[in-house]
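Engineer: Per this note's numbering, the very first residue in the sequence shown carries number 250; after that it's consecutive.
We put the beta carbon where it would ideally sit given N, CA and C, even for glycine.
I'd like to ask some things about the structure below.
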Amino acid sequence: STHNALNDELNREIKDWQKHNYQKTLVGQLKITKEYEEEFKKAQKPWSKKYFLVEKTKKEYHGACKSYQSAKIHLQNSQADPQVSGEQRKKLEDKMDKYKKEVEVAKNKYKQALDDLNSYNSRYIEDMNNVYKKCDQFEKERLEFFIQQLLKLHTHLNIFDKMNIEQIYAEFMGTIKQTSPDRDLHTWSKECGAGMAMSWPVFEEYSDQVKQIAKNRKKSDKDSTEGITMTSIRPIDDAETKSLSSELSNYR
């Protein structure tokens with residue numbers, strides 16, 4: 250019967266596949282998920298260290314520029330103040346020269362760190378893509394398996410000859426056959442994965458019009474260098490906007 254075919258064949262095959270591919274750790278986490286997360290972290294770690302060094306040297310460079318600009322203004326003001334002695338003015342000049350040298354040193358360190366980071370970008374992409382391809386292959390096999398199960402389900406439920414519902418099953422079959430794991434994976438990769446557009450850090454010159462630098466940073470320079478994540482922004486359509494507005498109205 251149809252019931253026996255679905256229970257004995259499809260149900261059994263799906264459970265066997267799940268048992269083989271979705272094994273769990275002692276704490277209940279999927280082993281495949283943990284494995285891929287660790288591989289991504291390992292691929293990210295060298296680049297992450299270089300990235301946080303860039304952020305650190307940029308902060309130091311901008312801080313040195315701020316100190317130099319402040320010392321320069323104090324010296325200019327002292328030149329117009331007759332109450333400032335020559336000795337005091339000399340100290341201000343020495344202080345400004347000191348900050349000027351610090352600016353050059355910090356600038357060189359910042360540029361060197363940025364060059365080091367950018368020289369590693371291609372290796373970073375390669376390592377991340379290698380792990381991503383493994384995830385792609387697993388997802389492709391999963392999609393292909395379920396397409397096979399849906400085709401079997403279609404076969405067992407195909408009673409259109411008796412009930413004259415040929416069109417329904419034809420559309421069902423067409424939808425299954427039009428499913429393309431490669432196309433789905435390509436779209437996902439382009440929007441959320443390895444195919445996303447990259448935005449690498451570039452050298453940022455100090456601007457004395459910027460009143461605050463690195464305000465409200467949530468993490469210090471000693472934070473873990475792990476956790477760089479590729480993200481994407483998906484615009485919502487009108488239907489989702491109306492639904493969200495309706496939900497917000499219920500809380501008012």
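Is it buried or exposed, residue 302, if we count other Cβ atoms within 10 angstroms and call 16 or more buried?
Structural biologist: Mapped onto the sequence shown, residue 302 falls at position 53. Residue 302 comes out buried.
Engineer: If I measure Cβ to Cβ from residue 365 and keep anything under 6 Å in the same chain, skipping five residues before and after, which residues do I get?
Structural biologist: Counting from 1 along the sequence shown, the entry for residue 365 is found at position 116. Here the set comprises 299.
Engineer: Out of curiosity, what's the CA-to-CA distance linking residue 308 and residue 289?
Structural biologist: Your numbering for residue 308 matches position 59 in the sequence shown. Your numbering for residue 289 matches position 40 in the sequence shown. Each residue's alpha carbon lies about 28 Å from the other.
Engineer: For residue 281, I'd like the list of residues in its chain whose CB is within less than 8 Å of its CB, leaving aside the five on either flank, ordered along the chain.
Structural biologist: For the purposes of this step, residue 281 is identified with residue 32 of the sequence shown, where counting begins at 1. Around residue 281: 270, 271, 272, 387.
Engineer: Can you tell me the Cβ-Cβ gap for residue 320 and residue 351, rounded? I've got them flagged as a contact below 8 Å.
Structural biologist: For the purposes of this step, residue 320 is identified with residue 71 of the sequence shown, where counting begins at 1. For the purposes of this step, residue 351 is identified with residue 102 of the sequence shown, where counting begins at 1. With 8 Å as the limit, residue 320 and residue 351 do not qualify as a contact, their Cβ atoms being about 10 Å apart.
Engineer: So what does DSSP say about residue 275, is it helix, strand or coil?
Structural biologist: For the purposes of this step, residue 275 is taken as the residue at position 26 of the sequence shown. The answer is coil: DSSP assigns residue 275 none of H, G, I, E or B.
Engineer: What's the gap between the Cα of residue 426 and the Cα of residue 403?
Structural biologist: Numbered from 1 along the sequence shown, position 177 holds the residue referred to as residue 426. Numbered from 1 along the sequence shown, position 154 holds the residue referred to as residue 403. Distance between the alpha carbons of residue 426 and residue 403 is about 12 Å.
Engineer: Return yes when the Cβ of residue 317 is within less than 7 Å of the Cβ of residue 348, no when it is not.
Structural biologist: Position 99 of the sequence shown, counting from 1, holds the residue named residue 348. Position 68 of the sequence shown, counting from 1, holds the residue named residue 317. In this structure, residue 317 lies closer than 7 Å to residue 348 by Cβ.
Engineer: Leaving out the 5 sequence neighbours to the left and right, which residues in its chain are closer than 8 Å to residue 420 when beta-carbon positions are compared?
Structural biologist: Translated into the one-based positions of the sequence shown, residue 420 becomes position 171. Counting only Cβ-Cβ distances below 8 Å, and skipping sequence neighbours, we find nothing.
Engineer: Roughly how many angstroms separate the alpha carbons of residue 471 and residue 444, rounded to a whole number?
Structural biologist: Sequence index remark: in the sequence shown, residue 471 carries index 222 (1-based). Sequence index remark: in the sequence shown, residue 444 carries index 195 (1-based). Model confidence at residue 471 stands at a pLDDT of 48, short of 50, so the residue's coordinates are unreliable and nothing is read from them.
Engineer: Using 7 Å as the threshold, is the C-beta distance between residue 381 and residue 442 below it?
Structural biologist: Position 132 of the sequence shown holds residue 381. Position 193 of the sequence shown holds residue 442. Their beta carbons are under 7 Å apart, which means residue 381 touches residue 442 by this criterion.
Engineer: Measuring CA to CA, which of 385, 450, 343 is closest to residue 285?
Structural biologist: On the sequence shown, residue 285 is found 36 positions in, with the first residue counted as 1. When only C-alpha atoms are compared, the closest one is 385.
Engineer: If you reduce the DSSP assignment to three classes, tell me which class residue 322 lands in.
Structural biologist: Within the sequence shown, the letter at position 73 stands for residue 322. Three-state DSSP puts residue 322 in a helix.
Engineer: Please determine, among 265, 257, 260, 453, the residue with the shortest C-alpha to C-alpha distance to residue 362.
Structural biologist: Residue 362 sits at position 113 when you count from the first residue of the sequence shown. It is 453 whose Cα lies nearest to the Cα of residue 362.
Engineer: Which stretch, first to last residue, makes up the alpha helix (DSSP H) that contains residue 357?
Structural biologist: Position 108 of the sequence shown, counting from 1, holds the residue named residue 357. Taken as a continuous stretch (DSSP letters only), the alpha helix (DSSP H) holding residue 357 covers 335-406.
Engineer: Which value, in whole angstroms, describes the spacing of the CA atoms of residue 251 and residue 262?
Structural biologist: Position 2 of the sequence shown, counted from the first residue, corresponds to residue 251. Position 13 of the sequence shown, counted from the first residue, corresponds to residue 262. Rounded to the nearest angstrom, the two C-alpha atoms are 16 Å apart.
Engineer: Between the alpha carbons of residue 436 and residue 428, how many angstroms are there, rounded?
Structural biologist: Position 187 of the sequence shown, counting from 1, holds the residue named residue 436. Position 179 of the sequence shown, counting from 1, holds the residue named residue 428. The alpha-carbon atoms of residue 436 and residue 428 are separated by roughly 13 Å.
Engineer: Of all the options 341, 355, 448, which has the alpha carbon lying nearest to the alpha carbon of residue 322?
Structural biologist: The count along the sequence shown starts at 1 and reaches residue 322 at position 73. The residue with the shortest Cα to Cα distance from residue 322 is 341.
Engineer: Note down the Cα distance separating residue 329 from residue 450, rounded to an integer number of angstroms.
Structural biologist: Taking the first residue of the sequence shown as position 1, residue 329 is located at position 80. Taking the first residue of the sequence shown as position 1, residue 450 is located at position 201. The straight-line gap from Cα to Cα measures roughly 42 Å.
Engineer: So, at 6 Å on beta carbons, what are the nonlocal neighbours of residue 264 in its own chain, with the 5 sequence-adjacent residues on each side left out?
Structural biologist: Position 15 of the sequence shown, counting from 1, holds the residue named residue 264. Nothing listed; no residue qualifies.
Engineer: Tell whether a beta-carbon distance below 7 Å holds between residue 358 and residue 306.
Structural biologist: Reading the sequence shown from its first residue, position 109 is the one you call residue 358. Reading the sequence shown from its first residue, position 57 is the one you call residue 306. Their beta carbons are under 7 Å apart, which means residue 358 touches residue 306 by this criterion.
Engineer: List the whole-angstrom C-beta distance separating residue 389 from residue 434, where the pair is believed to meet the contact cut-off of C-beta under 8 Å.
Structural biologist: Taking the sequence shown and counting its residues from 1, the one referred to as residue 389 is at position 140. Taking the sequence shown and counting its residues from 1, the one referred to as residue 434 is at position 185. Confirmed, Cβ separation roughly 6 Å.
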